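Peer 1:
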Amino acid sequence: MEERLLMKGNEAIGEAAIHAGCRYYFGYPITPQSELIAYMAKRLLKIKGATFIQAESEIAAINMVYGASAAGGRVMTSSSSPGISLKQEGISYLACAELPCVIVNIMRGGPGLGSIQPAQGDYFQATKGGGHGDYHLIVFAPSSVQELVDLTIRAFSLADKYRNPAMILGDGLLGQMMEPVQFKEFDEKNIPSKEDWALGSSHGRKPRRIVPFDLDPNELEKIVNKLGQKYQDMQKEVEYEVVNIDNPDIVIVAYGSIARIVKTTIQKAKQEGINIGLVRPITLYPFPYAAIEEVANKVDKFLVTEMSLGQMVEDVKLAVKGKSQVSFYGRTGGVVISPIEILQEVKKLLD
Amino acid sequence: MEERLLMKGNEAIGEAAIHAGCRYYFGYPITPQSELIAYMAKRLLKIKGATFIQAESEIAAINMVYGASAAGGRVMTSSSSPGISLKQEGISYLACAELPCVIVNIMRGGPGLGSIQPAQGDYFQATKGGGHGDYHLIVFAPSSVQELVDLTIRAFSLADKYRNPAMILGDGLLGQMMEPVQFKEFDEKNIPSKEDWALGSSHGRKPRRIVPFDLDPNELEKIVNKLGQKYQDMQKEVEYEVVNIDNPDIVIVAYGSIARIVKTTIQKAKQEGINIGLVRPITLYPFPYAAIEEVANKVDKFLVTEMSLGQMVEDVKLAVKGKSQVSFYGRTGGVVISPIEILQEVKKLLD
Amino acid sequence: MGVKKLMKQVFTKPKSLTDVPFTYCPGCHHGIIHRLVAEAMDDLNIAEDTIGIAPVGCAVFAYLFFECDMIVAAHGRAPAIATGIKRVKPDNIVFTYQGDGDLASIGTAEIVHAANRGEKITVIFVNNAIYGMTGGQMAPTTLEGQITQTSPYGRDSKTMGMPIRICELLSTLNSPAYIARVALTKPAYIVKAKKAIKKAFQYQLDGKGFALVEVLSTCPTSWGLSPKEANEWLNEKMIPYYPLGEFKNVEEVS
Amino acid sequence: MGVKKLMKQVFTKPKSLTDVPFTYCPGCHHGIIHRLVAEAMDDLNIAEDTIGIAPVGCAVFAYLFFECDMIVAAHGRAPAIATGIKRVKPDNIVFTYQGDGDLASIGTAEIVHAANRGEKITVIFVNNAIYGMTGGQMAPTTLEGQITQTSPYGRDSKTMGMPIRICELLSTLNSPAYIARVALTKPAYIVKAKKAIKKAFQYQLDGKGFALVEVLSTCPTSWGLSPKEANEWLNEKMIPYYPLGEFKNVEEVS
Amino acid sequence: MLDEIIIAGFGGQGILLMGRLIAHAGMLEGKHVAWMPSYGPEMRGGTANCTVIISSEEVASPVVPNPLSLIAMNLPSLDKFEPLVEKGGTIIVNQSLISRNIYRDDVEVVKVPANDIANELGNLRVANMVALGSYIAKSKSVKMQTVFEALEQTLGKGSEKIIELNKEALKRGEKIIIG
Amino acid sequence: MLDEIIIAGFGGQGILLMGRLIAHAGMLEGKHVAWMPSYGPEMRGGTANCTVIISSEEVASPVVPNPLSLIAMNLPSLDKFEPLVEKGGTIIVNQSLISRNIYRDDVEVVKVPANDIANELGNLRVANMVALGSYIAKSKSVKMQTVFEALEQTLGKGSEKIIELNKEALKRGEKIIIG
Amino acid sequence: MAKIIIDRERCKGCELCTLICPQKIIVMSKSFNKKSYHPAELMNPEKCTGCAFCAMTCPDVAIEVYK
Amino acid sequence: MAKIIIDRERCKGCELCTLICPQKIIVMSKSFNKKSYHPAELMNPEKCTGCAFCAMTCPDVAIEVYK
Ligand SMILES: Cc1ncc(C[n+]2csc(CCOP(=O)(O)OP(=O)(O)O)c2C)c(N)n1
Ligand SMILES: Cc1ncc(C[n+]2csc(CCOP(=O)(O)OP(=O)(O)O)c2C)c(N)n1
Ligand code: SF4
Ligand code: SF4
Ligand code: SF4
Ligand code: SF4
Ligand code: SF4
Ligand code: SF4
Ligand SMILES: [Mg+2]
Ligand SMILES: [Mg+2]
């Protein structure tokens, strides 16, 4: 299993899901994630008892996920930006009903039909909640094909642990690129049993009900407060990477594909005697507020780089609490930021 | 016209829209805003050339709005939380295509099917963007039936001014309650002509295209940057109300129906010798960061009260920049916060 | 109650119904339909293997009434949810219970495609020509000229179209195994309705495929009629436009 | 080119097409369909009063090709957008141009209800049995056994259902004025297609109501066939399952 | 001057209209008013209720956890709201449908045989107006004459007969208080 | 050791496969590699291209604004990418389809009559392998033997004939460089 | 001999049973049940045939039939 | 006498015109156009009847017909 395979990001996600025991997939084609749905078709249609359905729409897909998860299946759906917008009602229902699943968003340029090139404009939607009401997804931001694999597997595990939907927030760059990946041994026994809550046959037990509402506000409040408590508990799952953080001139905060571009910037800067640090959130929800605040105690300049008009920058500011200056540099529309323009921005800030 | 009328919030919105020249309405029933769709049916079906359609779904409704707006119509849709989630793709398209319209969200308890009682859990969705990509709505948070009227009229005007969708973010309490309202004279001549961009007959001019995408990232970036610039320009439209802000022991930040409940708290507190200030954002986007920061320079305790697990509290923290302590008190699920519990919370904080 | 001992109980509440009293308005047919579904479950002895899906609509509370596993769907999406459940639990019996707003308006795509995929599910489709839950708005099935909250001057076929006949529309698809329309305004109709509903479950048990029973139903509250008048209106107005009968009955689905 | 002067031009690019070369693959019928739509606009002299709606799909670029006002729709929603436009501009001619993924899958509800409301719009429905734009996934219209990206072992009617016949399905509704299916693989078919498309615009001009023309179309790229083979496949496989003809033709809509 | 009233009863009893008339009359008298209904499917066969606030100052919170006045038109409503009434407040009870006594001893109680009187007037539907008449007379929060005006404006032209009947009922309710 | 290559050409020319083989071979040799395609409908009748990075260190940015090597399989591709090649870099040109000269004088140019050679081999489709062979021989970024291995693993069992043909084409391309 | 038992508290007074009973032996009570409905009552029990039409029709499953 | 003119640069070499022409007088060029397609060419112009089948079939509106 530890062999290195050259895989496309989208396909790697699919293989990782199946590796993690996912046997149900419902999706709808959209660029730049269509290789993922095609991969699931190819693989799942050959596994007995597994299900692949190209749903009639993203809305149908997310509701099939809702049903499959309620019935105890390990289930995934995937799409890209406009398709994820269509799933927002369903996502809010999943969160309310506490149904685990994995949702993949391979982001593209937006808003609107946008473009099909890589972008990161769905950060707010993913982390704050694009659907209605109080809920959060567990959001992972992989930055390599290997991380697409590892974090997809982890997403399934945390989704089950918290009975909450988890999201892989990638982009067209990660989805389309190929890199060598390895699959670590996975023991399906680690998948928690859902026999104690999932729907099915009720022989010898009371019928179960999965009910994402309560018309009595006081009862619904109990449900929402339980969710709130869960989001508190989730904070401990925060993950991030720090690079060169000891005594940098400036710290860049970036996630996903842009974070690896920043690494090239760091190398180039070193050659010019500029010392750049990096904090890379691996989970976007929970967000590494504490880690960033700690850095802010030592460093007085932050630069947030995103392929957007600036979204994560708000969370960085919330973390920094006014202790350091936080600047932003972004490109949009599917333009991938180059290492050199980031370096130029850094130089401007250090002047 | 200056006569006082006793009107239900939902109906007042409808009358205000028609008063402001809105002649096209597309919607789908949902509690607690169904009186609005019924009102539009009753009124518009009697106006020659006007259109009322109960769409097959919220998605169809927002896309009818997209078409009607593209054709130059002054147009509105309305819904409540789950229905607004379904409109997210369409909203993102409207923003990208720079099509003006008014979207009413009479919020109810969430997530999921939630409840039909008043809540404020859709703040993030409304202000940060529940749809994909970089865009913002102009978001108004009325707190009385009169404000529902005035801000609905203003929403149409700003939507046209910026060619951007505007949202009325109310809740079940405002939608259902009756208060006296007045309608000021409205001159339909103030509605800007759309002859220079709307679709129609092209006699004597080049055909026009409304295209919410560009597969060339550099071209799409220009579109997105133009939007970005527009959001900067919009900042000057910020509106808020301050109460008792000279030398308060603590300042509460609250919007919409909860803000009026806070006013009762302020009265009750005064009797006990406690001095509470209030900042009430009237526009949630643009958010009154500067106004709150100014207060934070003088007051070191803030309490944010919302009918949610805490959403606007992030914007208040962003405004305060670590200068003051920001606490939060919320109720969820459709439970309306009472003046007394807010007072108790204030006392705790002042202890 | 001593009499009970001497006499045979010939009619009582089916076991597949819980003891919770219905939340429906007086005279509303939702209650009768619930009972028939429960009787079918009793007759086939499947309650313990059945998973039901309640819609958003007056029947959102159906999860309280059926003595089997239940889940509440997002408005209109029950057929997609049923698909997800059935694919994970192919040996369970899965049914959706949907109103006409739910199934014929917002959920149009979901019902057409679940039917077309031939999902092995049973759909109970309650056509009461109105949106009951939200206070009486027009449904796709609202009759021409019918007054509702959103057709206050009567449904105008010129701008709002004519009522959609779902059975006829779905019957153009290849995959459905059973499609029928029934009513409940006479004992004879109720007997037929019972049979149709039972068949719709039996076909699922037999793996024949997608089955749907459209039940013409009253909504005295939103129609503004007494239960008695509502029954009459259904007989006089609805049945002529919505003919009763079986539209599809595939004994063997290939 | 002196010859031009002496001879009569009997065939040239219609005026309602711009000069922008099509972005479609070699042999793709989208181009022929565009030309026929433009010819209909020329013939009826309506281009300057027409508003077209491009779908998401290979024809997303249609906005570049038609010499009239155009707007790009969200995937599947063109009929709703057309409704919005037509209601604001009832004197303009409004048409949607939609693929089979767009119209028959994600946009099922929108097309059914626009048709049912009898919106006075013209729908050009391009059925190429596949999702072209996204690289060849299964469409609701994909034939049984057909191999696509998402039916890699052939469409299995047991789990994926049989192809949906949209004309037949929509013809169960009362309101549509004109519904026809045409093909383009022979000159005779093209002549008929042209007539149908023109009629679909003429009916709108006459205020008769909703009109839809389904055009069987090739996708050589996603089918993995040469343009020639694609035409043959369409003739041999698609036409038998999708019969050509007029399904609805209401001379006078009441 | 200020009153905060909860009016509660059965779905078909015309509860919401009672509240609207008080609010409307308040508005006509230049007061600040707010009206808030219960809403949703609970109305079906359950209790309907609404809250009215009349005030000389701007109405801040429209939510009334503890009303000064309660008009209870049936038993479940009384059961639900009796405990919430402010000390020293008033409860108007529809005696026709509520046989039990009031447990609270720190409130004023007015018993009105609303249905019986309505029956006498030949139309059960005006029971609400009888109770409303008693409330108006008791609380004096608005003038009866203004309620008449509000009634006319609400029901409008063409409803003269019904308006007359309603006025009659209001007066009968008033009579219970002022004799 | 590091190379950053852009391979560009016509949709049906097997551009993406060329890149995959380089990346795959790099992986087999234990190097860090990344492959990135152009994607979307531009492929239709337009140019297809992909980027490959082979490196002894972890690949940071997978985006290559200025490649060290360019394989231009047709004219529009050369037009597009020629200006972007790093000073001192290499351009492999498919001479069969590109008649024009290279404007740049600060890069090395290798002209390969890829289609002509492929034609000689009896299958136009292997023109890509001819050009790839020349690139491998020129750049030495991976060993030809490893490319053979990558080819076998990619095309798999049952494709022996095609593999042989491809190998042959690779060798013919190699020969242009090493004579 | 047959008999029906009407669950007074489940009954919502819709009157449908009174209309459907071929014997016309069900009538509405003048009194209220706890939910403020006038429940149905069996009058002339001796005429009941046990046909169960009433029970089949009752939307609130408030009627049991014995025979 | 009739004649067709093929727009060499619009043509995508799909060959559909060559198949449909009753006179079989359209052939594919060996050379490339700017977009790297082999465009169609009229061979034996004298045989052209001006039937326009080729133009009707051409998906790229690359053919004009004169008569
Ligand atoms: C997405 C969404 N839109 C709208 C609603 C509001 N809503 C609840 S039930 C309903 C329709 C009910 O009508 P129907 O399906 O006919 O059921 P009935 O109540 O008539 O049995 C609507 C529109 C909702 N809950 N969710
Ligand atoms: C909401 C949404 N979902 C999915 C997509 C991706 N997408 C673009 S076009 C398309 C389908 C194209 O197929 P079809 O409608 O048949 O048109 P064709 O390209 O075959 O002409 C899809 C799924 C999208 N753009 N938006
Ligand atoms: S509103 Fe209509 S459908 Fe709903 S419970 Fe009442 S009568 Fe039945
Ligand atoms: S992919 Fe298919 S439908 Fe799209 S342009 Fe190419 S051939 Fe035509
Ligand atoms: S069982 Fe038959 S006869 Fe007896 S009460 Fe019921 S309907 Fe009447
Ligand atoms: S049918 Fe049932 S609910 Fe209706 S009156 Fe008779 S017993 Fe009561
Ligand atoms: S006009 Fe007719 S004969 Fe002439 S080239 Fe075209 S198809 Fe052939
Ligand atoms: S049909 Fe048109 S595009 Fe195709 S080969 Fe002939 S001229 Fe060229
Ligand atoms: Mg209904
Ligand atoms: Mg298609």
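Residue numbers (our numbering), protein chains in the order written: chain A, 1 to 351; chain B, 1001 to 1351; chain C, 2001 to 2254; chain D, 3001 to 3254; chain E, 4001 to 4179; chain F, 5001 to 5179; chain G, 6001 to 6067; chain H, 7001 to 7067. In this text, a Cβ means the ideal position worked out from N, Cα and C, and glycines have one as well. This one's a predicted model, so the numbers in the text were calculated from it and none came from an experiment.
Using 8 Å as the limit for Cβ to Cβ distance, is residue 19/A near chain B?
Peer 2: no
Peer 1: For a test of the three-state rule: what should DSSP assign to residue 1182/B, helix, strand or coil?
Peer 2: coil
Peer 1: Just mark residue 1/A as buried or exposed, buried being the case when its beta carbon has 16 or more other beta carbons within 10 Å.
Peer 2: Annotation note: pLDDT 45 at residue 1/A (below 50); position unreliable, coordinate value reported separately. By the 10 Å Cβ count, residue 1/A comes out exposed.
Peer 1: Cα-Cα, which of 1213/B, 1141/B, 1227/B and 1172/B is closest to residue 1238/B?
Peer 2: Ranking 1213/B, 1141/B, 1227/B and 1172/B by CA distance to the CA of residue 1238/B puts 1141/B first.
Peer 1: Is residue 4050/E helix, strand or coil when you go by DSSP?
Peer 2: strand
Peer 1: Inspect the CB distances between the stretch 2108-2124 of chain C and the stretch 2079-2089 of chain C and report whether three or more fall short of 8 Å.
Peer 2: yes
Peer 1: Within 7 Å: the Cβ of residue 6062/G and any heavy atom of ligand 6?
Peer 2: Yes - ligand 6 has a heavy atom lying nearer than 7 Å to the Cβ of residue 6062/G.
Peer 1: Shorter than 7 Å, the distance from the beta carbon of residue 7051/H to the closest heavy atom of ligand 8, or not?
Peer 2: no
Peer 1: What does residue 1267/B touch in chain I if you count any residue whose Cβ is under 8 Å from its own?
Peer 2: Checking the listed chains, one finds no chain I in this structure; the protein chains it contains are A, B, C, D, E, F, G and H.
Peer 1: List the residues of chain E that residue 1176/B touches, going by C-beta distances under 8 Å, in chain order.
Peer 2: Neighbours of residue 1176/B on chain E, chain order: 4036, 4037 and 4039.
Peer 1: Taking 8 Å as the cut-off, does the stretch 4013-4028 of chain E touch the stretch 4082-4092 of chain E (at least 3 CB pairs, one atom from each stretch)?
Peer 2: no
Peer 1: Return the first residue and the last residue of the alpha helix (DSSP H) that residue 5148/F is part of.
Peer 2: 5144-5155
Peer 1: If you measure from the beta carbon of residue 27/A to each beta carbon in chain C, is any gap under 8 Å?
Peer 2: no
Peer 1: From 221/A, 340/A, 172/A and 171/A, pick the residue whose C-alpha is nearest to that of residue 356/A; which is it?
Peer 2: Within the shown structure, residues of chain A are numbered from 1 to 351, placing residue 356/A beyond reach of any answer.
Peer 1: Alpha carbon to alpha carbon, how far is residue 2059/C from residue 2102/C?
Peer 2: 11 Å
Peer 1: What's the C-alpha gap between residue 1051/B and residue 1041/B?
Peer 2: 9 Å
Peer 1: Of all Cβ atoms in chain B, is any one closer than 8 Å to the Cβ of residue 3071/D?
Peer 2: yes
Peer 1: Check whether the stretch 1191-1211 of chain B and the stretch 1288-1295 of chain B are in contact - that is, three or more C-beta pairs closer than 8 Å.
Peer 2: Taking 8 Å as the limit for Cβ pairs, the verdict is that the stretch 1288-1295 of chain B does not touch the stretch 1191-1211 of chain B.
Peer 1: In this structure, does DSSP put residue 160/A in helix, strand or coil?
Peer 2: helix
Peer 1: Please find out if some non-hydrogen atom of ligand 1 comes closer than 7 Å to the beta-carbon of residue 1086/B.
Peer 2: yes
Peer 1: Taking 7 Å as the line, does the beta carbon of residue 2128/C fall inside it for any heavy atom of ligand 1?
Peer 2: yes
Peer 1: Nearest-angstrom Cα distance between residue 4070/E and residue 4084/E?
Peer 2: 9 Å
Peer 1: Using the C-alpha atoms, what's the distance from residue 68/A back to residue 2088/C?
Peer 2: 6 Å
Peer 1: Give me the subset of the stretch 2203-2219 of chain C whose CB atoms are less than 7 Å from a CB atom of chain B, sorted by chain position.
Peer 2: Cβ contacts with chain B come from no residue of the stretch 2203-2219 of chain C.
Peer 1: Quick check on residue 3041/D - is its C-beta less than 8 Å from some C-beta in chain F?
Peer 2: It does not: the Cβ of residue 3041/D has no partner Cβ on chain F nearer than 8 Å.
Peer 1: Residue 7056/H touches chain D at which residues, Cβ-Cβ below 7 Å?
Peer 2: Those are 3187 and 3190, listed as they occur along chain D.
Peer 1: Apart from the five residues on each side of it in sequence, which residues of its chain come closer than 6 Å, Cβ to Cβ, to residue 58/A?
Peer 2: 28, 79, 83, 86 and 87
Peer 1: Please determine, among 1112/B, 1090/B, 1048/B and 1100/B, the residue with the shortest C-alpha to C-alpha distance to residue 1073/B.
Peer 2: 1100/B
Peer 1: Which of helix, strand or coil does DSSP assign to residue 149/A?
Peer 2: helix
Peer 1: How many Å lie between residue 3253/D and residue 2011/C at the Cα?
Peer 2: In this prediction, residue 3253/D scores a pLDDT of 45, lower than 50, which makes its location untrustworthy; no coordinate-derived value is stated.
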